[in-house]
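Same order as they appear, the protein sequences are chains A and B. According to this note's numbering, the residues represented by the first sequence are 28 to 453, in order. According to this note's numbering, the residues represented by the second sequence are 28 to 453, in order. Idealized CB from N, CA, C, for every residue including glycine. Data block below; observations after.
Protein chains: 2
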Amino acid sequence: MAVQTVATHTDLSLGPAAALSCRECGERFPLGPVFACEACFGPLEIAYDLPEGDPEELRKRIEAGPDSIWRYAPLLPVPADVAEKPNLNPGFTRLVKADNLARELGVTGGLYVKDDSGNPTHSFKDRVVAIAVEAARAFGFTTLSCSSTGNLAGAVGAAAARAGLRSCVFIPHDLEQGKVVMAAVYGGDLVGIEGTYDDVNRFCSELIGDPIGEGWGFVNVNLRPYYAEGSKTLAYEICEQLGWRLPDQLVVPIASGSQLTKIDKGLRELIALGLVEDRPYKIFGAQAEGCSPVARAFKDGHDVVRPVKPDTIAKSLAIGNPADGPYVLDIARRTGGAVEDVNDGQIVDAIKLLARTEGVFAETAGGVTVGVTRKLIEAGVLDPTLTTVVLNTGDGLKTLDAVAPTTGPSAIIRPNLDSFREAGLA
Amino acid sequence: MAVQTVATHTDLSLGPAAALSCRECGERFPLGPVFACEACFGPLEIAYDLPEGDPEELRKRIEAGPDSIWRYAPLLPVPADVAEKPNLNPGFTRLVKADNLARELGVTGGLYVKDDSGNPTHSFKDRVVAIAVEAARAFGFTTLSCSSTGNLAGAVGAAAARAGLRSCVFIPHDLEQGKVVMAAVYGGDLVGIEGTYDDVNRFCSELIGDPIGEGWGFVNVNLRPYYAEGSKTLAYEICEQLGWRLPDQLVVPIASGSQLTKIDKGLRELIALGLVEDRPYKIFGAQAEGCSPVARAFKDGHDVVRPVKPDTIAKSLAIGNPADGPYVLDIARRTGGAVEDVNDGQIVDAIKLLARTEGVFAETAGGVTVGVTRKLIEAGVLDPTLTTVVLNTGDGLKTLDAVAPTTGPSAIIRPNLDSFREAGLA
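Structural data, given as structure tokens:
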């Protein structure tokens, strides 16, 4: 991927964001729409000047803020007045105390589901895109773009519409009609590419390097360092909703691995700021067996992640060559967690289990985390006596096909009581 | 419909709910699972002993409550500790300041969209079902039931699952698979009835009168007086989110008409309690042209509503014989509002308009309210210089078919820059 050269932005108002720093060599760069280190090509991430002072005051300031991710604006690369700007105000979704599910799984230490299906376009992508929108505004971009096969396309289209930016989203031309409608309804440009998702990505990289791409912010490419920070808000919300307390165990899905690494970053920031007590937590990564390169590497004791060709119903997690895979391995090992996978049948069973016990209809990624939670408890790896938070990052309405073949009426009857009695449901 | 005889419940803890009272003759009855007046067969609704005292204290108590409808527990027929019980915690959804839409429609007085797609099962039905669940618990019911063709089935299934109640939901046997999946995934019983929706309703009435139906709470039949009160929370939230202020104008969809009447009830309660200033507001009802018996009666100056056979894409509003139609007419006329309708093409246009301007993807019912808002502004009926709130009561993901035929990619291209240039989107 080409490294874009950009003018230094000296008067950017991106709150506490101080610089970009390379995750590999530590080299620092001014804030700009770049994503790879000029020195070593490592990935760039945001370095902060975080607020100092009394944690109690910061807690109160956050609690008095809006019911969205913007309550954490002092910890995010966004301007202080971000909540006044037109955006989708995602986040502050429900943390469901899942007592029914806990009973089924034998968890006694408190089980919670962080349910991100409540976001505006019903996936956690609204969090990351909202941060990318602020970066796009700061850099003067006028078009918001991405490559996508699902959740991200809708999140970008919706966010751009509300922010008054043009959007141009690229998808493989043969996506299911439902996904196409969700991506197109917000009125931006939607371009079908004759090719695979890899072809779409290659085309986008070409576009960024071309004069046509000037003024374009690709949320998950040249705005990626900003975009990725949105996932930190999952960590902040979980801890605040637990009463400013770290959970003992978290189960997080892995696609690129970015979300898991940023949740870890968010937890460490809360500790550093004194907002939560400093004590150990374990992070567990969850993959689908049909795309489990990180789980494979974890189990084999490897530090490198060998790419795979995805084949799973959990399409939102189907990244065969996850960029943040090695960092995920580090975090799972450092915190005493693990990375595990479940097969498609176990994913479907877990979606139904969560729906039946808690009334939460998760997308396949939620089936992966709940399924992995069950598997890790049965294997004695996840401790059922500790407080555990499981992420559901999307909405079952978007992956109906996964459960449709095995989900239907208990009975079909004629409209009379005798027929109902015969069905054995009375 | 048969009037169920029930034991008097003297030790019910349903908060400020004091009795059932007949909306026609005013006769009072003890709280119980009954829905029609023994004296005149009029509909029963909840009468309250509402809290007295300093409005400022009540406001503070509400503001310190949970981020759900339970912050208004002192004004609802639910126990004081309702937030501690397992339920879906619906409500406190976003009130979107729709400045982009306002510009398109020429509204200068402030335009807001109350977006109920953020509820747990993505429609306002979660509000009403949550209240019905508390009534079911109070009356010792063990099965939660309803007849439904869509949103309600999922809301009942999910709420029952979380509450630990059995659910048994009745639907026409030939519903689209997507709706069946959404209704069945929560693991309760789902029964397809060989017949029309009317046949389903007749069967349910029979079931309530039969010994089989003992212990069954039909949310929109024998629990209807409780259930309906859930819509008051829309009024409460809108006013609180406006800074404890009444909007000047509200645009509300009409199916049975219950929601509109309860929003009016909620606004009057807030005035009576001193929580908002007592000043005029206008309520506008919105219907689809293919099912607009109330709009017809309003325009013709009639007090009675003549039933129609529905034929519209707005299926969640397709009630041809709306029970609360006459009350809706009263309210529209008393407040100086109106009842208007839009055709299917206008509904689709309005869905796209809202998506394109605010990033909110509404179900067809939201297209009806936005479309009617536009029509009423153009007709000079709705005053664009006043604060206006438009309701979106459901989610576009559930009615994809409405927009699918006219929503697709801007272009299909080959994966190279020349092909992109040729498409004219660069």
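If I measure Cβ to Cβ from residue i and keep anything under 7 Å in the same chain, skipping five residues before and after, which residues do I get?
i: A45(B); result: A74, Y75, D76
i: T426(A); result: E390, T391
i: T32(B); result: Its pLDDT being 40, under 50, T32(B) is placed unreliably in this model, and the value from its coordinates should be taken loosely. Cβ neighbours of T32(B) beyond the five flanking positions: none.
i: A163(A); result: L171, L192, G244, L250
i: T37(A); result: Reliability fails at T37(A), whose pLDDT of 46 lies under 50, so the model's placement of it is uncertain and the value that follows must be treated cautiously. So the list is empty, once near-sequence residues are dropped.
i: L344(A); result: P280, I281, A282, Q314, A315, C318, A392, V395
In this structure, how does DSSP classify residue i when only helix, strand and coil are distinguished?
i: S258(B); result: coil
i: P353(B); result: helix
i: V408(A); result: coil
i: C231(B); result: helix
i: V134(A); result: coil
i: Y367(B); result: First, the residue type needs correcting, since residue 367(B) is Glu and not Tyr in the sequence shown. If DSSP states are grouped into helix, strand and coil, E367(B) belongs with the strands.
i: V218(A); result: strand
i: E84(A); result: helix
i: K336(B); result: coil
i: T32(A); result: A caution first: T32(A) carries a pLDDT of 40, below 50, which makes its placement in the model too unreliable to give a value.
i: E385(A); result: helix
i: K292(A); result: helix
i: D445(A); result: helix
i: L424(B); result: helix
i: W271(A); result: coil
i: T415(B); result: strand
i: G244(A); result: strand
i: V303(B); result: coil
i: D142(B); result: strand
i: A359(A); result: helix
i: A377(A); result: helix
i: A100(A); result: helix
Sort the options by Cα distance to residue i and report the nearest one.
i: S437(B); options: E304(A), A110(A), H149(A), I198(A); result: I198(A)
i: D428(A); options: R154(A), T120(A), S144(A), A389(A); result: A389(A)
i: N247(A); options: A63(A), G53(A), I440(A), S40(A); result: A63(A)
i: E79(A); options: L300(A), L287(A), P411(A); result: L300(A)
i: Y308(B); options: C266(B), E316(B), A324(B); result: C266(B)
i: A125(B); options: L418(B), D376(B), L273(B), V430(B); result: L418(B)
i: C52(B); options: G42(B), E65(B), P43(B), C318(B); result: E65(B)
i: P320(B); options: V332(B), K326(B), E256(B); result: V332(B)
i: G42(B); options: P442(B), V408(B), A110(B); result: A110(B)
What residue range is occupied by the uninterrupted alpha helix (DSSP H) comprising residue i?
i: S172(A); result: Counting along the chain, S172(A) falls outside any alpha helix (DSSP H), though it belongs to the beta strand (DSSP E) covering 170-174.
i: I198(B); result: Per DSSP, I198(B) belongs to no alpha helix (DSSP H); it is in the beta strand (DSSP E), 193-199.
i: G181(B); result: 178-190
i: L427(A); result: 427-430
i: E161(B); result: 152-165
i: G205(A); result: 204-211
For residue i, which residues of its own chain have a beta-carbon under 8 Å away from its beta-carbon, when the five flanking residues on both sides are left out?
i: L47(A); result: R55, F56, P57, L58, G59, V61, L71, E72, I73, A74, P252
i: D422(A); result: S144, H149, S150, F388, A389, E390
i: D226(B); result: P199, I220
i: L132(A); result: L138, T400, R401, I404, P411
i: N228(A); result: S174
i: G240(A); result: L234
Hey, could you find the ends of the beta strand (DSSP E) residue i is sitting in?
i: K124(B); result: 122-124
i: P320(A); result: No beta strand (DSSP E) contains P320(A), which is instead part of the alpha helix (DSSP H) from 320-327.
i: V109(B); result: Looking at the DSSP string, V109(B) is not in any beta strand (DSSP E), and its letter there is neither H nor E.
i: A503(B); result: With chain B covering only 28 through 453, there is no way to say anything about residue 503(B).
i: A313(B); result: 309-315
i: I439(A); result: 438-440
i: L277(A); result: 276-280
i: Y75(B); result: 71-75
Leaving out five residues on either side along the sequence, give the residues of the same chain with a beta carbon under 6 Å from the beta carbon of residue i.
i: T176(A); result: Y224
i: G118(B); result: S95, I96, R154, T260
Chain C contacts from the segment 114-140 of chain B (Cβ-Cβ distance under 7 Å): Absent from the structure is chain C; the protein chains it does hold are A and B.
Residues of the segment 81-113 of chain A in Cβ contact with chain B at a cutoff of 7 Å, in chain order, please. D94, P113
Which residues, in chain order, does the segment 429-453 of chain A contribute to contact with chain B at a C-beta distance below 8 Å? V430, A431, T434, G435, P436, S437, A438, I439, I440, R441, P442, N443, L444, F447, R448, A450, L452, A453
Contacting positions in the segment 226-245 of chain B - beta carbon closer than 8 Å to chain A: D226, V227, R229, F230, E233, L234, D237, I239
Looking at chain A, which residues of the segment 361-382 of chain B have a Cβ within less than 9 Å of any of its Cβ atoms? I378, K379, L380, A382
Pull out every residue of the segment 164-195 of chain B whose Cβ sits closer than 7 Å to any Cβ of chain A, in chain order. A185, A186, A188, R189, G191, C195
Anything in the segment 206-217 of chain B with a Cβ closer than 9 Å to a Cβ of chain A? List those residues in chain order, please. V207, V208, M209, A210, A211, V212, Y213, G214, G215, D216, L217
At a Cβ cut of 9 Å, what residues of the segment 60-72 of chain B count as close to chain A, listed as they run along the chain? none
Cβ-based contacts, 9 Å cut-off: residues of the segment 142-158 of chain A near chain B: D142, S144, G145, N146, P147, T148, H149
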